[in-house]
Amino acid sequence: MPERFPQTGPRRAALLTGAAGGIGTELARRLSAQGYRIIGVDRRVEAVKALAGLPAVEAVGCDLGDAAAVAALTCRIEDEWADDLELLVCNAGINLPGAAIDVPLNLVDQQLMVMLTGPIHLLATAARIFAERGRGHLLATVSLGGIAALPGSAAYSAAKAGLRAYLCALSNELRGSGVAVSGVYPGSTDTPMLMYEALHGAGPLNFVGKFATAGQVADGFERALRTRRLEIYVPYQDSILSRTVEAFPWLIPPLLPVLNHLGRKGRDRYLRQRGVTTPGAVDHEPRSNDF
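Each residue of the sequence shown is one higher than the last, beginning at 231 in the working numbering.
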């Protein structure tokens, strides 16, 4: 029998960041089908409004790379949505790839704000509300790239590793409170962000193996909500190598030549299957909500 989101009352709300991205739109549809009122947060507010067929979506424009905008969003969580909020899903993401010594520091800061500092502010705000109430679920899209660091995406991996650490600590602090904490850890996922990475110098390791779909990642969130487990890997088998490399980082250098070769072939195949033969041939700008 397929897993389902828990049934919920008509007023229960789920706040979802990155709601206009590939994973975000799939999550919004599934949560809405289970009766949640969706508070969809994205820089592209019109794209959230355009989500077809969803009966109760409140579109909220917010650039999660802007500290002032995140602060304003936390205030709205406390002042407007606290009574109804049941789920918080930190899903927004961005990857601006390049060699660590070449990426401008302002772009490093942007990635850390979108995927680490901003989520920490939102999670801490919702955690206080949920702990006082004695129920609620805090969730985030993390990444296998936060377990095994990806060359060419150092800031991305650093942000995701930091988010993983925060979720683990928060889970232990909230143990026994009735509040669950879960992270979903996909490998490379076929979303607009992956296309941007393919065209803008992301390391070949991003393209080793098969790509998950947004639906498969949403399945992972369903498992997280059903089981309340701290970590869900999508797919699980890919996490075995990532967690092994995390424990034994000295394994990476001798494996890199083979993995880079496989990754370059995977990237070329990915682009070819989508009708792109020359890097730069697709006009696709990076977005802070492309998960």
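Idealized CB from N, CA, C, for every residue including glycine.
- Check whether the Cβ atoms of residue 368 and residue 353 sit closer than 7 Å, and answer yes or no. Residue 368 is a Cβ neighbour of residue 353, given a cutoff of 7 Å.
- Query: In whole angstroms, what is the alpha-carbon distance linking residue 380 and residue 497?
  - Reply: 15 Å
- Give me the Cβ distance between residue 374 and residue 416, rounded to the nearest whole Å; I'm assuming they're in contact under 8 Å. Residue 374 to residue 416, Cβ: 7 Å. Contact.
- Taking the alpha-carbon positions, what's the residue 487 to residue 250 distance? Residue 487 and residue 250: Cα-Cα distance of roughly 37 Å.
- Task: Quick one: give me the first and last residue of the alpha helix (DSSP H) that residue 491 is part of.
- Result: 482–503
- Message: With H, G and I counted as helix, E and B as strand and the rest as coil, what does DSSP make of residue 286?
- Response: coil
- Three-state secondary structure assigned by DSSP to residue 241: coil
- What whole-angstrom Cβ distance do residue 409 and residue 365 have, given they're in contact under 8 Å? 7 Å
- Would you tell me roughly how many angstroms separate the C-alpha atoms of residue 458 and residue 451, rounded to the nearest one? If you take the alpha carbons of residue 458 and residue 451, they lie about 10 Å apart.
- Query: Does the distance from the C-beta atom of residue 346 to that of residue 393 stay below 7 Å?
  - Reply: yes
- Message: Less than 7 Å between the beta carbons of residue 349 and residue 378, yes or no?
- Response: no
- Message: Can you find the residues in the same chain that come closer than 8 Å, C-beta to C-beta, to residue 507, ignoring five residues on each side of it along the sequence?
- Response: 501
- Item | Where residue 462 falls, given that 16 or more other Cβ within 10 Å makes a residue buried | buried
- Quick one: grab the DSSP three-state call for residue 344. helix
- Query: Anyone know if the C-beta pair for residue 246 and residue 319 falls short of 7 Å?
  - Reply: Yes, the pair counts as a contact, with Cβ atoms nearer than the cut-off.
- Taking the continuous alpha helix (DSSP H) assigned at residue 473, which residues delimit it? Membership of residue 473 in the alpha helix (DSSP H) is indicated by the continuous run 466–477.
- Look at the Cβ atom of residue 494, then the Cβ atom of residue 434, and state whether they are nearer than 7 Å. yes
- Task: Give the DSSP-derived three-state secondary structure of residue 372 in the structure shown.
- Result: coil
- Query: Out of 285, 436 and 290, which has the shortest C-alpha to C-alpha gap to residue 382?
  - Reply: The shortest Cα separation from residue 382 among 285, 436 and 290 belongs to 436.
- Message: Let's see if you can read the secondary structure: which residues bound the beta strand (DSSP E) around residue 432?
- Response: Premise fails: residue 432 is in no beta strand (DSSP E) and is neither H nor E.
- Query: For residue 252 versus residue 444, is the C-beta distance shorter than 7 Å?
  - Reply: Yes; because the gap between Cβ atoms is below 7 Å, this pair is in contact.
- Message: Is the beta carbon of residue 258 closer than 7 Å to that of residue 281?
- Response: yes
- Message: If you follow the alpha helix (DSSP H) that residue 388 is in, where does it begin and where does it stop?
- Response: For residue 388, the enclosing alpha helix (DSSP H) begins and ends at 384–403.
- Query: Buried or exposed: where does residue 321 fall if 16 or more other Cβ atoms within 10 Å of its Cβ makes it buried?
  - Reply: buried
- Hey, would you say residue 287 sits closer than 7 Å to residue 271, going by beta carbons? no
- Message: Cutting at 6 Å between CB atoms, please list the residues of its own chain near residue 304, excluding the five before and the five after it.
- Response: 351 and 355
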